[in-house]
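Structure record follows, encoded as structure tokens.
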Amino acid sequence: MEMTAKDLAAALGGTVEGNPEAKFSSFGKIEHGKAGQLSFFANPKYEHFVYTSKASVLLVNADFQPKEPVEPTLVRVPNAYDGMAKLMKLVAAKEQKCRRHRGRCRIAWSAKLGRSVWVGDFVTIGKNCRIGDCTRIYDNVTIGAGTTIGKNCIIYPGVHIFPGMVIGDRVILHAGCIIGDDGFGNVKLPDGSWEKIEHLGNVVIGNDVEIGSNTTVDRAQMESTIIEDGVRIDNLCQIAHNVVVGKNTAMAALTGVAGSARLGEGCTIAGLVGVVGHIKVADNSTIGAHSLIIGNIRKPGETWYGNPAILHKDYLKAYAKFKQSANED
Amino acid sequence: MEMTAKDLAAALGGTVEGNPEAKFSSFGKIEHGKAGQLSFFANPKYEHFVYTSKASVLLVNADFQPKEPVEPTLVRVPNAYDGMAKLMKLVAAKEQKCRRHRGRCRIAWSAKLGRSVWVGDFVTIGKNCRIGDCTRIYDNVTIGAGTTIGKNCIIYPGVHIFPGMVIGDRVILHAGCIIGDDGFGNVKLPDGSWEKIEHLGNVVIGNDVEIGSNTTVDRAQMESTIIEDGVRIDNLCQIAHNVVVGKNTAMAALTGVAGSARLGEGCTIAGLVGVVGHIKVADNSTIGAHSLIIGNIRKPGETWYGNPAILHKDYLKAYAKFKQSANED
Amino acid sequence: MEMTAKDLAAALGGTVEGNPEAKFSSFGKIEHGKAGQLSFFANPKYEHFVYTSKASVLLVNADFQPKEPVEPTLVRVPNAYDGMAKLMKLVAAKEQKCRRHRGRCRIAWSAKLGRSVWVGDFVTIGKNCRIGDCTRIYDNVTIGAGTTIGKNCIIYPGVHIFPGMVIGDRVILHAGCIIGDDGFGNVKLPDGSWEKIEHLGNVVIGNDVEIGSNTTVDRAQMESTIIEDGVRIDNLCQIAHNVVVGKNTAMAALTGVAGSARLGEGCTIAGLVGVVGHIKVADNSTIGAHSLIIGNIRKPGETWYGNPAILHKDYLKAYAKFKQSANED
Chain U
1 MEMTAKDLAA ALGGTVEGNP EAKFSSFGKI EHGKAGQLSF FANPKYEHFV YTSKASVLLV
61 NADFQPKEPV EPTLVRVPNA YDGMAKLMKL VAAKEQKCRR HRGRCRIAWS AKLGRSVWVG
121 DFVTIGKNCR IGDCTRIYDN VTIGAGTTIG KNCIIYPGVH IFPGMVIGDR VILHAGCIIG
181 DDGFGNVKLP DGSWEKIEHL GNVVIGNDVE IGSNTTVDRA QMESTIIEDG VRIDNLCQIA
241 HNVVVGKNTA MAALTGVAGS ARLGEGCTIA GLVGVVGHIK VADNSTIGAH SLIIGNIRKP
301 GETWYGNPAI LHKDYLKAYA KFKQSANED
Chain R
330 MEMTAKDLAA ALGGTVEGNP EAKFSSFGKI EHGKAGQLSF FANPKYEHFV YTSKASVLLV
390 NADFQPKEPV EPTLVRVPNA YDGMAKLMKL VAAKEQKCRR HRGRCRIAWS AKLGRSVWVG
450 DFVTIGKNCR IGDCTRIYDN VTIGAGTTIG KNCIIYPGVH IFPGMVIGDR VILHAGCIIG
510 DDGFGNVKLP DGSWEKIEHL GNVVIGNDVE IGSNTTVDRA QMESTIIEDG VRIDNLCQIA
570 HNVVVGKNTA MAALTGVAGS ARLGEGCTIA GLVGVVGHIK VADNSTIGAH SLIIGNIRKP
630 GETWYGNPAI LHKDYLKAYA KFKQSANED
Chain C
659 MEMTAKDLAA ALGGTVEGNP EAKFSSFGKI EHGKAGQLSF FANPKYEHFV YTSKASVLLV
719 NADFQPKEPV EPTLVRVPNA YDGMAKLMKL VAAKEQKCRR HRGRCRIAWS AKLGRSVWVG
779 DFVTIGKNCR IGDCTRIYDN VTIGAGTTIG KNCIIYPGVH IFPGMVIGDR VILHAGCIIG
839 DDGFGNVKLP DGSWEKIEHL GNVVIGNDVE IGSNTTVDRA QMESTIIEDG VRIDNLCQIA
899 HNVVVGKNTA MAALTGVAGS ARLGEGCTIA GLVGVVGHIK VADNSTIGAH SLIIGNIRKP
959 GETWYGNPAI LHKDYLKAYA KFKQSANED
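Have a look at this one:
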């Protein structure tokens with residue numbers, strides 16, 4: 001990426017104040033910006049950094065009135081914060097275009113790839129797969145037979161998708177994630193050994209979902225493990241067989257959801273959380289980091305915390321007394 | 330998979346009641362079954378679903394007497410639950426046959442592959458490896474020099490096995506798991522930096538073991554990290570250098586066992602558990618989710634819970650008081 | 659590896675007592691050593707094992723005076739423990755030499771590879787990458803365009819490095835780790851859905867760093883996620899966008915550090931720890947396993963523990979009372 005202040009103003013509908021040919025090729029925060037970088041200034045509390053900034057270009061609100069001399073070229077837009085977000089989207093989109101089509105890979109003859117599908121190197125795509133228009137599949141990915149992937153998806157390097165999975169549009173599967181491996185189901189035999197329960201279901205992922213790097217989503221025993229539209233799952237999470245993750249629920253890293261649990265819509269689940277199997281979590285629940293949910297959460301909109309989790313405010317009260325007890329005789 | 334009611338009865342030694350040509354190509358639970366699906370009915374509490382089921386075929390106990398009209402074709406077997414399990418095994422086994430032999434991969438000339446070994450694409454198998462009969466190695470797997478893998482194993486996509494490992498028969502290594510990477514061993518030098526301890530041992534995995542997706546099993550410093558027969562390890566677990574996991578012990582996701590710890594036989598360890606290094610856990614111990622084991626567990630058959638873990642029943646009593654304290658003045 | 663007692667003495671500057679042609683090809687602890695193995699004896703408490711050892715060769719301190727007959731050939735060196743460490747380094751280094759150059763891989767023409775770079779099979783190296791002298795890149799690795807990797811690094815199988823990353827000298831990236839995937843950043847829209855925040859920064863890794871198997875290090879939104887010199891990160895850890903991990907800090911498995919947190923230098927962080935976003939942890943802090951850090955730790959050199967973490971000694975006192983409360987009526 002290399003851009004001038006003039007290009008930037010044109011892209012965002014802004015005006016230039018200073019050298020219109022000032023160039024930048026990366027981004028720096030207002031407090032760190034160096035020559036060759038673009039910074040932005042939106043939060044008044046950082047104004048003092050404007051006057052010492054070494055960035056080449058500074059994106060500011062249209063109504064910004066400097067109180068001291070400013071070194072960077074200014075580009076004024078109605079809202080600098082929104083402008084920055086728009087620019088980052090433009091750059092990200094641009095970097096993802098102009099890529100070659102089909103590397104050294106093995107694609108089954110019966111697989112149907114849509115228009116402008118991009119496939120990297122060392123990729124295998126099994127029989128009867130369907131890949132929607134403009135989906136990008138990076139290197140070292142495997143996609144099992146009969147899997148369907150929608151339009152405008154991104155499948156990053158090292159992702160492995162098992163046969164028979166169903167994935168919606170605009171889904172992003174981050175590097176190394178595993179979709180559709182066996183559930184962890186075992187029956188104890190009288191001699192203490194385990195008999196494996198076969199898992200013949202699949203995973204169904206809705207639209208606009210992101211699944212993090214090295215996260216694992218097990219397929220259902222029968223029927224489907226379901227990740228509904230708009231869900232965001234961070235890195236290194238475990239979603240077990242037959243789980244349902246409700247629409248727009250977000251989950252931070254290293255969280256595990258055990259078999260057949262149902263998470264409602266709009267939940268926010270922090271990192272290192274455990275949810276035991278076969279329970280339901282109501283819509284819009286918030287679960288604090290490092291908590292364990294061992295029973296149903298029935299009332300929507302509550303915040304839970306602890307091991308096992310109780311209402312957040314109760315945990316904090318009880319923990320305050322716990323801490324205090326360290327100082328009592 | 331496509332099967333008729335008649336096929337199903339033949340495979341399970343049952344009898345058909347209704348249309349013997351009724352077809353199914355997937356499975357649905359008794360409460361969800363749709364046309365084209367097989368459901369099964371074994372638990373009397375779900376009987377009311379039998380009379381509204383839209384499944385094409387329903388597997389039932391031989392002595393089932395419907396109290397109302399039933400739409401699906403019935404297949405009667407002595408025990409519907411066992412019949413379903415048997416069918417799922419048959420289907421799983423069938424789907425794993427009839428695969429091509431040796432994709433685009435690099436196999437060292439000195440590697441010895443048994444009868445009917447199946448190797449996917451983009452696989453590397455190092456010098457002097459031995460792979461037993463009927464083992465299947467999926468895409469993008471690497472197997473280091475001198476490693477031995479037994480018969481009838483499944484090595485799923487993206488697994489990386491380091492040189493010199495020893496793996497038994499009927500072992501399943503799930504996608505993305507890592508067997509035999511360096512242990513995490515460092516010695517602090519006077520200047521605060523770390524000197525790496527080399528790890529020249531290996532990992533020895535017994536028979537009938539399953540290791541979950543993206544799980545990591547480090548090799549020993551000297552000698553071996555040992556996973557005994559029949560062990561089941563779920564996804565995203567960490568087994569450190571020189572650990573011993575006893576026969577038939579099962580461990581749920583996101584659990585970590587630190588260096589040189591020894592877990593007994595027949596233990597059940599829930600998810601997100603930590604076991605510190607150099608301790609012993611007695612046979613048949615049960616560890617609750619999200620617990621930390623910081624000392625030896627000497628008496629077999631106990632249940633532990635908490636951080637650090639104490640006896641489960643004591644933790645629950647103490648936690649009840651902890652919760653209650655939130656409501657006191 | 660195969661070596662004689664004579665070779666060993668020559669390599670370590672020691673003397674042989676017994677058969678100089680005695681061979682070993684692996685290592686065994688003093689209490690387990692078998693024929694064909696080397697053991698070492700340094701800690702006096704294990705002396706009784708010396709007299710029953712079946713190892714072929716035994717490395718001992720120069721001043722060791724046996725009180726009973728000893729079967730293995732002895733190799734005497736000034737310090738047996740240091741000698742063993744030196745030997746293990748020699749063996750590890752030897753096993754990593756003598757490898758072929760460039761397998762079946764796709765290396766962009768504009769990528770610049772230093773002297774003696776070794777590249778495995780099914781590797782992709784993007785445009786304008788620079789790889790330093792003597793760096794080894796194993797199978798199924800992907801390296802995005804514009805990434806720089808220093809000298810004498812080891813990139814193990816299945817590692818995926820995104821475009822534009824900067825990696826120092828003597829860095830080891832263990833199998834399956836992901837460097838530079840998107841940070842987990844989302845803005846909630848009024849309808850409850852999430853808008854993705856693009857991440858256009860990178861990851862900068864210093865010299866002498868090790869990052870564990872299947873660990874994930876997200877790239878910054880702007881600027882860099884920074885892993886300073888000498889850091890050791892174990893398997894299955896999550897380092898979020900814009901985090902800074904200070905020099906020589908070590909972190910055990912399954913630990914997660916949320917966005918923009920700053921860990922000081924020389925910290926020791928145990929496994930299954932969570933650090934919430936935007937906080938600072940002082941230099942030389944120690945964090946106990948399974949803890950959650952929810953606020954700044956300002957004073958260097960303290961030990962913290964619990965959920966949320968408090969001073970370790972206070973947690974243990976309070977927890978002792980918590981445990982005791984289980985036994986009170």
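Quick mapping for you: the protein sequence lines, in order, are chains U, R and C.
Residue 176 in this note's numbering sits at position 176 of the first sequence, with consecutive numbering throughout.
Take any residue in the second sequence, count from 1 to its spot, add 329: that is its number in this note's numbering.
Take any residue in the third sequence, count from 1 to its spot, add 658: that is its number in this note's numbering.
Built from N, CA and C at the ideal position, the CB exists for glycine as well.
For my contact list, residue 616 (chain R) and residue 605 (chain R) are in at a C-beta cut-off of 8 angstroms; report their separation, rounded to the angstrom.
Going by Cβ atoms, the distance from residue 616 (chain R) to residue 605 (chain R) rounds to 13 angstroms, so no, they are not a contact pair.
Shorter than 9 angstroms from the beta carbon of residue 755 (chain C) to some beta carbon of chain U?
Bear in mind that a pLDDT of 49 at residue 755 (chain C), under 50, signals an unreliable position, so the number given afterwards is only what the model happens to contain. So no, residue 755 (chain C) is outside the interface.
Using beta-carbon positions only, say whether residue 717 (chain C) and residue 771 (chain C) come within less than 9 angstroms of one another.
No, these two residues do not count as a Cβ contact at 9 angstroms.
Sorry if obvious, but does the Cβ on residue 166 (chain U) come closer than 8 angstroms to a heavy atom of the ligand FMN?
The ligand FMN is absent from the structure shown, which contains no ligand whatsoever.
Assign residue 976 (chain C) to buried or exposed, taking buried as 16 or more other Cβ atoms, counted over all protein chains shown, within 10 Å of its Cβ.
So residue 976 (chain C) counts as buried.
Other residues of its chain near residue 820 (chain C): CB distance less than 7 angstroms, five sequence neighbours each side excluded:
Correct list, in chain order: 802, 837, 838, 839, 877.
From U:187, U:278, U:45, pick the residue whose C-alpha is nearest to that of residue 225 (chain U); which is it?
If we check each option's Cα against that of residue 225 (chain U), U:278 comes out closest.
Could one say the Cβ of residue 352 (chain R) lies closer than 9 angstroms to chain U's Cβ atoms, at least one of them?
Not one chain U Cβ lies under 9 angstroms of residue 352 (chain R).
Checking 9 angstroms against the spacing of the C-beta atoms, do residue 824 (chain C) and residue 805 (chain C) come in under that value?
Residue 805 (chain C) sits close to residue 824 (chain C), with the two beta carbons spaced by under 9 angstroms.
By DSSP, does residue 654 (chain R) sit in helix, in strand, or in coil?
Note: residue 654 (chain R) maps to helix in three-state DSSP.
Which runs of the alpha helix (DSSP H) fall wholly inside the segment 371-451 of chain R and span at least 4 residues, in chain order?
The segment 371-451 of chain R contains these whole alpha helix (DSSP H) runs: 376-379, 409-424.
Looking only at its own chain, which residues have a Cβ that is under 6 angstroms from the Cβ of residue 649 (chain C), when we skip the five neighbours before and after it?
No statement about residue 649 (chain C) is possible, as the shown extent of chain C runs from 659 to 987 and does not include it.
Name the chain U residues whose beta carbon is nearer than 7 angstroms to that of residue 836 (chain C)?
By Cβ distance, chain U contributes 175, 176, 213, 214.
If we ignore side chains and look at the alpha-carbon of each, how far apart do residue 191 (chain U) and residue 577 (chain R) end up?
Between the alpha carbons of residue 191 (chain U) and residue 577 (chain R) lies a gap of roughly 10 angstroms.
So is residue 327 (chain U) in contact with chain R if we call contact Cβ pairs under 9 angstroms?
Residue 327 (chain U) does not count as touching chain R.
Under a CB-based cut-off of 9 angstroms, is residue 340 (chain R) close to chain C?
Residue 340 (chain R) has a beta carbon lying at 9 angstroms or more from every beta carbon in chain C.
Could you check which residue in C:902, C:810, C:797 has the C-alpha nearest to that of residue 789 (chain C)?
Nearest to residue 789 (chain C) by C-alpha distance, out of C:902, C:810, C:797, is C:810.
My output table needs one value for residue 280 (chain U): the three-state DSSP class, helix, strand or coil.
Strand.
Less than 7 angstroms between C-beta atoms, sequence neighbours within five positions excluded: which residues of the same chain meet that for residue 517 (chain R)?
Within the same chain, Cβ atoms closer than 7 angstroms to the Cβ of residue 517 (chain R) are found at 523, the five residues on either side in sequence being excluded.
Can you tell me where the beta strand (DSSP E) holding residue 181 (chain U) begins and where it ends?
Start and end: 178-181.
Looking at chain C, is there any beta carbon in it that lies within less than 9 angstroms of the beta carbon of residue 218 (chain U)?
For residue 218 (chain U), the nearest beta carbon of chain C is not closer than 9 angstroms to its own beta carbon.
Proximity below 9 angstroms, CB of residue 947 (chain C) to CB of residue 910 (chain C)
In contact: residue 947 (chain C) and residue 910 (chain C) (Cβ atoms closer than 9 angstroms).
Please compile the residues from chain R whose C-beta is within a distance smaller than 9 angstroms of the C-beta of residue 193 (chain U).
Those are 537, 558, 559, 576, 577, listed as they occur along chain R.
Is any beta-carbon of chain C found at less than 9 angstroms from that of residue 7 (chain U)?
No, because no Cβ of chain C sits closer than 9 angstroms to the Cβ of residue 7 (chain U).
For a quick check, are the C-beta atoms of residue 343 (chain R) and residue 455 (chain R) less than 9 angstroms apart?
For residue 343 (chain R) and residue 455 (chain R), no; Cβs fall outside 9 angstroms.
Beta-bridge partners of residue 567 (chain R), as assigned by DSSP
For residue 567 (chain R), which the question treats as bridged, DSSP gives the partners R:545, R:585.
First and last residue of the uninterrupted alpha helix (DSSP H) at residue 351 (chain R)
The continuous stretches of alpha helix (DSSP H) do not include residue 351 (chain R), and DSSP gives it neither H nor E.
How would you call residue 382 (chain R), buried or exposed, if buried means at least 16 neighbouring beta carbons within 10 angstroms?
A residue is called buried once 16 or more other Cβ atoms fall within 10 Å of its Cβ, and residue 382 (chain R) is buried on that count.
Within 9 angstroms, strictly: CB atoms of residue 92 (chain U) and residue 858 (chain C)
The answer is yes: Cβ separation under 9 angstroms.
For residue 317 (chain U), the three-state DSSP class (helix, strand or coil):
Residue state, collapsed to three classes: helix.
Between residue 156 (chain U) and residue 213 (chain U), is the Cβ-Cβ spacing less than 9 angstroms?
For residue 156 (chain U) and residue 213 (chain U), yes; Cβs fall inside 9 angstroms.
Output the distance between the C-alpha atoms of residue 436 (chain R) and residue 885 (chain C), rounded to the nearest integer angstrom.
A direct Cα-to-Cα measurement between residue 436 (chain R) and residue 885 (chain C) gives close to 37 angstroms.
Helix, strand or coil for residue 145 (chain U) per DSSP?
In the three-state reduction of the DSSP assignment, residue 145 (chain U) falls in the coil class, being assigned neither a helical nor a strand state.
How is residue 618 (chain R) classed by DSSP in three states: helix, strand or coil?
Residue 618 (chain R): coil per DSSP, three-state reduction.
Going by alpha carbons, who is nearest to residue 360 (chain R) out of R:631, R:498, R:378, R:658?
Ranking R:631, R:498, R:378, R:658 by Cα distance to residue 360 (chain R) puts R:378 first.
With 16 other CB atoms within 10 Å as the buried threshold, where does residue 949 (chain C) fall?
So residue 949 (chain C) ends up on the buried side.
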